[in-house]
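One structure is given here, and the rest of the page talks about it.
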Amino acid sequence: LEESNSKKTKYSTPNEGAELDIAFSISDIKDKYKDATLLPKWKAFQTIIFLDRDDGLHDSGKVAAFDFDGCLAKTSVKRVGPDAWSLMYPSIPEKLQSLYNDGYKLVIFTNESNIERWKNKRQVAVDSKIGRLNNFIKNVFYSLWF
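Sequential numbering of the sequence shown, starting at 95, is according to the working numbering.
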């Protein structure tokens, strides 16, 4: 997208015939989430924080999406920081590599309501979550993109 352009996409569900309009412009993408500054390559759109990365993605409609906490990684609310996770299962890197090799776009999502609860420490909460995701990507996906 160019700075002045807007992207509109219509999605319809096959069974219901309903359409969903999504419109945003590149100027809606921010380097901050509310009052928290994001790490390099991380961006925010409204309440969504995402890694702005397109290198290594397949031009495919196939998507494999996973929740980070409790699916890919064991995490604890008592521990904070980028190393406060471990693999849920040892076979995860191999399975993700297989999906990637089969042409899937790999998506990891997480619901972090604690970021909203930590109004006075939002930066700490954002840095901790992004740090965990960065370390997961580095440790699990490193061979895919580097």
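Here a beta-carbon is modelled for each residue, glycine too, at the ideal position from N, C-alpha and C.
Since we're looking at a predicted model, the values are computed, not measured.
If you draw a straight line from the Cα of Ile202 to the Cα of Ile231, it comes to about 10 angstroms. Ser121 and Trp136 have their C-alpha atoms roughly 15 angstroms apart. Collapsing the DSSP output to three states places Leu132 in coil. Under the DSSP assignment, Ser180 falls in the beta strand (DSSP E) whose first and last residues are 179 to 181.
Unbroken beta strand (DSSP E) stretches of 3 residues or longer found wholly inside the stretch 164 to 198: 167 to 169, 179 to 181, given in chain order. If the five residues before and after Gln140 are omitted, its C-beta is found closer than 8 angstroms to the C-beta atoms of Asp122, all from its own chain and listed in chain order.
With at least 16 other beta carbons inside 10 angstroms of its own, Ser222 counts as buried. Put simply, of Asn228, Arg216, Arg226, Val234 the residue whose alpha carbon is nearest the alpha carbon of Thr131 is Arg216.
Taking all protein chains in view, the Cβ of Ile142 is surrounded by fewer than 16 other Cβ atoms within 10 Å, so the residue is classified as exposed. DSSP places Lys156 in the coil class of the three-state scheme, outside both helix and strand.
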